[in-house]
DNA sequence: CGAATGATATACT
DNA sequence: GTATATCATTCGA
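Residue numbers (my numbering): 220 to 415.
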């Protein structure tokens with residue numbers, strides 16, 4: 220049960236890191252309450268030449284600034300005016316790479332997650348999509364740019380095992396506008412039942 | 001299937 | 001500075 224160290228995040232290959240995050244544990248401490256989840260789905264966003272990335276074409280703005288930080292920090296932004304989406308920034312400083320955490324399986328703080336998500340969400344869907352996952356874990360844009368090493372959000376290795384053959388690779392969701400890049404196999408997911 | 005909902009990027013005046 | 005189109009989505013009809 221160790222917190223992932225800086226050198227996990229600062230590696231070059233964001234796609235590899237995206238795959239490696241499957242089975243790791245995302246932990247948030249918000250309002251003095253700890254909630255955590257096993258990561259079951261991620262997507263890689265690969266720098267300034269990835270049309271699907273917010274940083275495509277080196278679009279460095281107030282919003283995307285956290286993506287340009289050194290790996291090991293967060294990038295949280297508001298999508299569709301409603302949903303806060305949580306990303307892990309990777310790579311070296313100046314290279315805007317990030318991994319979107321799309322889904323998870325509840326581990327700790329189940330009651331709090333249920334409260335945050337509201338009555339209509341069944342347990343099986345508590346963390347089944349990126350907006351829902353952030354909501355259940357209490358993650359908002361207020362936490363963008365914060366450290367994953369010693370901040371309110373961290374990622375730990377609890378020793379959960381996922382057979383490589385159980386990790387499904389495919390194109391990313393909701394990026395049709397990205398042309399050919401929309402078909403890149405940058406999405407990774409595993410059935411929660413295949414995490415031991 | 002489509003409304004909800006607001007920050008943001010971009011293109012104007 | 002102001003206008004407007006767009007968006008790494010979700011939920012309910």
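All C-beta atoms in this analysis are idealised placements derived from N, C-alpha and C, irrespective of residue type, glycine included. Predicted model, so just to flag it, every value in this text is computed and none were measured.
Taking the alpha-carbon positions, what's the residue 225 to residue 311 distance?
Indexing the first chain from 1 puts residue 225 at position 6. Indexing the first chain from 1 puts residue 311 at position 92. C-alpha separation (whole angstroms): 11 Å.
Which residue comes first and which comes last in the beta strand (DSSP E) that contains residue 259?
Against the first chain, residue 259 aligns to sequence position 40. Residue 259 -> beta strand (DSSP E) spans 252-265.
Residue 261 and residue 407 - do their beta-carbons sit closer together than 7 Å?
For the purposes of this step, residue 407 is identified with residue 188 of the first chain, where counting begins at 1. For the purposes of this step, residue 261 is identified with residue 42 of the first chain, where counting begins at 1. Cβ atoms of residue 407 and residue 261: closer than 7 Å.
From residue 361 to residue 348, what distance separates their C-alpha atoms?
By 1-based counting over the first chain, the position of residue 361 is 142. By 1-based counting over the first chain, the position of residue 348 is 129. When rounded, the distance between both Cα atoms is 20 Å.
Please report the straight-line C-alpha distance between residue 307 and residue 294, rounded to a whole angstrom.
Residue numbering aside, residue 307 sits at position 88 when the first chain is read from its first letter. Residue numbering aside, residue 294 sits at position 75 when the first chain is read from its first letter. The alpha-carbon atoms of residue 307 and residue 294 are separated by roughly 6 Å.
Expressed to the nearest angstrom, what Euclidean distance is found between the alpha-carbon atoms of residue 384 and residue 390?
In the first chain, the residue the question calls residue 384 occupies position 165. In the first chain, the residue the question calls residue 390 occupies position 171. Cα-Cα distance, rounded: 17 Å.
What separation, rounded to the nearest whole angstrom, lies between the Cα atoms of residue 324 and residue 374?
Mapped onto the first chain, residue 324 falls at position 105. Mapped onto the first chain, residue 374 falls at position 155. Cα to Cα, residue 324 sits roughly 14 Å from residue 374.
To the nearest angstrom, how far is the alpha carbon of residue 418 from that of residue 398?
The chain is shown from 220 up to 415; residue 418 falls before or after that span and cannot be answered.
Measuring only the C-alpha atoms, how far is residue 276 from residue 268?
The residue you call residue 276 lines up with position 57 of the first chain. The residue you call residue 268 lines up with position 49 of the first chain. Roughly 6 Å separates the two Cα atoms.
Which residue spans inside the region 294-318 form an unbroken beta strand (DSSP E) run of at least 3?
302-309
Compare the beta carbon distance of residue 229 and residue 290 with 7 Å and say whether it is the shorter of the two.
Counted from its first residue, the first chain places residue 229 at position 10. Counted from its first residue, the first chain places residue 290 at position 71. Yes, Cβ-Cβ distance for residue 229 and residue 290 is below 7 Å.
Return the chain-ordered list of same chain residues with a C-beta closer than 8 Å to the C-beta of residue 303, the five sequence neighbours on each side being excluded.
On the first chain, residue 303 is found 84 positions in, with the first residue counted as 1. These residues qualify, in order along the chain: 295, 296, 297, 350, 353, 354, 358, 359 and 360.
Between which two residues does the beta strand (DSSP E) containing residue 375 stretch?
The residue given as residue 375 occupies position 156 in the first chain. Start and end: 372-376.
C-alpha gap between residue 377 and residue 333, whole angstroms
Here residue 377 is taken as the residue at index 158 of the first chain, counted from 1. Here residue 333 is taken as the residue at index 114 of the first chain, counted from 1. The straight-line gap from Cα to Cα measures roughly 23 Å.
Taking 7 Å as the threshold (C-beta atoms), are residue 263 and residue 234 in contact?
As a first step, residue 234 is located in the first chain; it is residue number 15 there, counting from the start. As a first step, residue 263 is located in the first chain; it is residue number 44 there, counting from the start. For residue 234 and residue 263, yes; Cβs fall inside 7 Å.
Taking the C-alpha atoms as reference points, what is the distance between residue 286 and residue 314?
Mapped onto the first chain, residue 286 falls at position 67. Mapped onto the first chain, residue 314 falls at position 95. Taking the straight line from one Cα to the other gives about 8 Å.
Following the continuous alpha helix (DSSP H) through residue 187, name the residue where it begins and the one where it ends.
Residue 187 lies beyond the range of the chain shown here (220 to 415); nothing can be said about it.
Tell me the DSSP bridge mates of residue 408?
Here residue 408 refers to the residue found at position 189 when the first chain is read from its first residue. Bridge partners of residue 408: 260 and 387.
Residue 234, enclosing alpha helix (DSSP H) - first and last residue
The residue labelled residue 234 in the question sits at position 15 within the first chain. Its alpha helix (DSSP H) spans residues 233-239.
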